[in-house]
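Q:
Residue numbers (our numbering): 5 to 206.
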């Protein structure tokens with residue numbers, strides 16, 4: 005398991021008011037089942053609050069889902085993935101490859117639930133949907149992080165490289181969801197070839 009723990013579950017007991025309990029309950033349910041697959045009744049049951057209490061803090065399921073996506077971006081991208089790769093390597097190229105070491109450990113855990121952002125995109129049928137749009141924006145944030153590392157590594161076209169690297173990342177997550185728990189290691193083998201090619205072309 006990654007040293008900072010699961011990117012899904014909170015590592016400390018959920019404390020505080022009803023809003024935090026609702027947000028944490030929805031976060032864990034949405035992470036595992038998607039937004040469409042979770043009803044309000046399931047959220048209030050898990051949070052231990054009344055329906056009126058939920059709507060006092062969140063005017064709609066959409067507003068709650070957007071708050072959960074913001075939490076996912078902070079917890080999964082910033083506090084887990086970014087922290088983990090920085091702890092494992094110092095050189096930008098090695099940090100890029102470390103993504104798949106982190107994923108490999110994640111895929112082996114019972115807490116592995118796939119990528120909420122990918123799940124949201126698959127659920128979205130309308131390009132104007134606010135939840136789908138937020139999911140795309142957070143995925144773009146991951147690519148920006150990858151592009152920053154690519155620029156630090158001296159690659160000529162960091163944005164194009166980030167798209168390629170992100171395809172490997174997302175593909176390994178989907179493959180792991182299918183049951184291929186070695187998908188991160190397979191993706192890393194391809195990633196090494198890609199990185200070496202790009203470094204030689206720089």
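Backbone N, C-alpha and C define an ideal beta-carbon position, used for all residues, glycine too.
Taking residue 34 as part of the alpha helix (DSSP H), name the residues at either end of that continuous run.
A: Within the chain shown, the letter at position 30 stands for residue 34. Run containing residue 34: 22–37, per the alpha helix (DSSP H) assignment.
Q: To the nearest angstrom, how far is the alpha carbon of residue 36 from that of residue 124?
A: Locating residue 36 in the chain shown gives position 32, counting from the first residue. Locating residue 124 in the chain shown gives position 120, counting from the first residue. Straight-line Cα distance between these residues: approximately 11 Å.
Q: May I have the straight-line CA-CA distance separating residue 27 from residue 47, to the nearest angstrom?
A: Reading the chain shown from its first residue, position 23 is the one you call residue 27. Reading the chain shown from its first residue, position 43 is the one you call residue 47. Whole-angstrom Cα-Cα distance: 9 Å.
Q: Could you tell me the boundaries of the alpha helix (DSSP H) in which residue 158 lies?
A: Along the chain shown, one-based indexing puts residue 158 at 154. Careful: residue 158 lies outside any alpha helix (DSSP H) and carries neither H nor E.
Q: Taking the alpha carbon of residue 86 as the point to measure from, which residue in 153, 204 and 180 has its own alpha carbon closest?
A: By one-based count along the chain shown, residue 86 stands at place 82. It is 153.
Q: Count the other CB atoms within 10 Å of the CB of residue 108; is the residue buried (16 or more) or exposed (fewer)?
A: Within the chain shown, the letter at position 104 stands for residue 108. Residue 108 is buried by the Cβ-count criterion.
Q: At 4 residues or longer, and completely inside the segment 76–107: list those alpha helix (DSSP H) runs for me, N to C.
A: 87–92
Q: From which residue to which residue does the alpha helix (DSSP H) around residue 40 run?
A: Here the question's residue 40 lines up with position 36 in the chain shown. Run containing residue 40: none; DSSP gives neither H nor E here.
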